[in-house]
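Numbering (our numbering), first residue to last: 891 to 1260. Shown next, in structure tokens, is the structure this report addresses.
As structure tokens, then:
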């Protein structure tokens, strides 16, 4: 999320530099009569021009001069917060925003900005409170609904996230990020048809965003619509040829289609593009297993485990592969770890390890009883 900057003398809804930074034509009530106040306003207007030109240090100096001349200039403090954030000075951004809401408790945009900053700082309860206040002051702020929804999604509260995201996209039908997040929330709740629709709407808003086609492919994948999933991934890679995750997803799709050589090619490309994902190494190992390249598979499963030691599927696959290579001790090592991670999967591997021994022992026992 980006911060919203409240600027004087422009119409609502104008966009700055293609970002969700809102101009608003409100006159700050802190203005008083007098030449010094006029100078504060002039500094503020100068900061607007400097900010739009990307001259953030100059904009900050102008805003600081404005607030020095008028310590009650709440909107200037809010804009100061935005500039500090642009400069990566998060603590000062928070301080300026806190000052803005102290001066103007009814300034919804400042509460929204404070929510964004708190969210970035992982101060989640404070972020929720700030977004909630922003929405109480301005229930039609789609960005605040989106901000709350992102927090809810990260906490696994997908139903709450969906509720806020539906409001956000109703208020702002061109809100690609909100449609995308809505699709993710639907997918997390296994509502794949609805996820598909949300991703398609996101693409209508932003047809040149590769990651949206990647998410669309995932929805098609879960709906068992493999040809459409493949087409979506091809489009993603057309838009962004270095999109490593799209190559990895394509590899998973090829695995399900039984096209193992193509799976190896796609997943290897993802890894070549520096994708640090244990699942990709596991998938590559699985493809090698299917191609009877067992030593290559061992290498990839071990790479997956090195990257993510708790990846159950990689440990199970390595254990099975160790058995096929007649390395029972190595398989038992994987079983010992799996017992601490997933008892059901551990028991599956245990049964595979000892199946032959158990059958043989049972046969001997029957013979002795005769």
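All C-beta atoms, glycine included, are put in the ideal place defined by N, C-alpha and C. Since we're looking at a predicted model, the values are computed, not measured.
Helix, strand or coil for residue i? Go by DSSP, reduced to three states.
i: residue 954; result: helix
i: residue 1076; result: helix
i: residue 1087; result: helix
i: residue 1167; result: coil
i: residue 1212; result: helix
i: residue 1069; result: helix
i: residue 1200; result: coil
i: residue 1105; result: helix
i: residue 1037; result: helix
i: residue 1003; result: helix
i: residue 1182; result: coil
i: residue 1053; result: helix
i: residue 1206; result: helix
i: residue 1062; result: coil
i: residue 931; result: helix
i: residue 1224; result: helix
i: residue 962; result: coil
i: residue 1099; result: coil
i: residue 1146; result: helix
i: residue 912; result: Caution is warranted here: a pLDDT of 30 is assigned to residue 912, below 50, making its placement in the model unreliable, and the coordinate value is therefore given only provisionally. In the structure shown, residue 912 sits in a strand (DSSP, three-state: E or B).
i: residue 1251; result: Low per-residue confidence applies at residue 1251: pLDDT is 34, beneath 50, and the placement is therefore not dependable enough to give any value.
What do you get for residue i, buried or exposed, if any count of 16 or more other CB atoms within 10 angstroms of its CB means buried?
i: residue 1168; result: buried
i: residue 1185; result: exposed
i: residue 957; result: buried
i: residue 970; result: buried
i: residue 1075; result: buried
i: residue 922; result: With a pLDDT of only 39 at residue 922, under 50, the local geometry of the prediction cannot be trusted, and no value is derived from it.
i: residue 1033; result: buried
i: residue 1093; result: buried
i: residue 1058; result: buried
i: residue 1071; result: buried
i: residue 1098; result: exposed
i: residue 912; result: Here residue 912 scores only 30 on pLDDT, less than 50, and its place in the model is too uncertain to base an answer on.
i: residue 938; result: buried
Assuming residue i and residue j form a contact by the criterion Cβ under 8 Å, report the distance between their Cβ atoms to the nearest whole angstrom.
i: residue 998; j: residue 1028; result: 4 Å
i: residue 1091; j: residue 1069; result: 4 Å
i: residue 1140; j: residue 1156; result: 4 Å
i: residue 1116; j: residue 1143; result: 6 Å
i: residue 1215; j: residue 1228; result: Wrong, their Cβ atoms sit about 18 Å apart, outside the cutoff.
i: residue 1154; j: residue 1136; result: Not really, about 16 Å apart at Cβ, beyond 8 Å.
i: residue 983; j: residue 975; result: 4 Å
Keeping to the same chain, check which residues put their C-beta closer than 6 Å to that of residue i; ignore five residues upstream and five downstream.
i: residue 994; result: 964
i: residue 1100; result: 1126, 1129, 1130 and 1133
i: residue 1275; result: Shown here, the chain extends from 891 to 1260; a query on residue 1275 therefore has no answer.
i: residue 1149; result: none
i: residue 1198; result: 1168
i: residue 1038; result: 1021 and 1054
i: residue 1109; result: 1082, 1085, 1086 and 1089
Spatial neighbours of residue i within its chain, please: CB distance less than 7 Å, with the 5 preceding and 5 following residues excluded, ordered by chain position.
i: residue 991; result: 997, 1000, 1001 and 1004
i: residue 1225; result: 1209, 1236, 1239, 1240 and 1243
Within the same chain, show all residues whose beta-carbon is closer than 8 Å to that of residue i, passing over the 5 residues directly before and after it, in chain order.
i: residue 1083; result: 1113
i: residue 940; result: 946, 948, 949 and 952
i: residue 1192; result: 1208
Taking 8 Å as the cut-off, does the stretch 1202–1210 touch the stretch 1159–1174 (at least 3 CB pairs, one atom from each stretch)? yes
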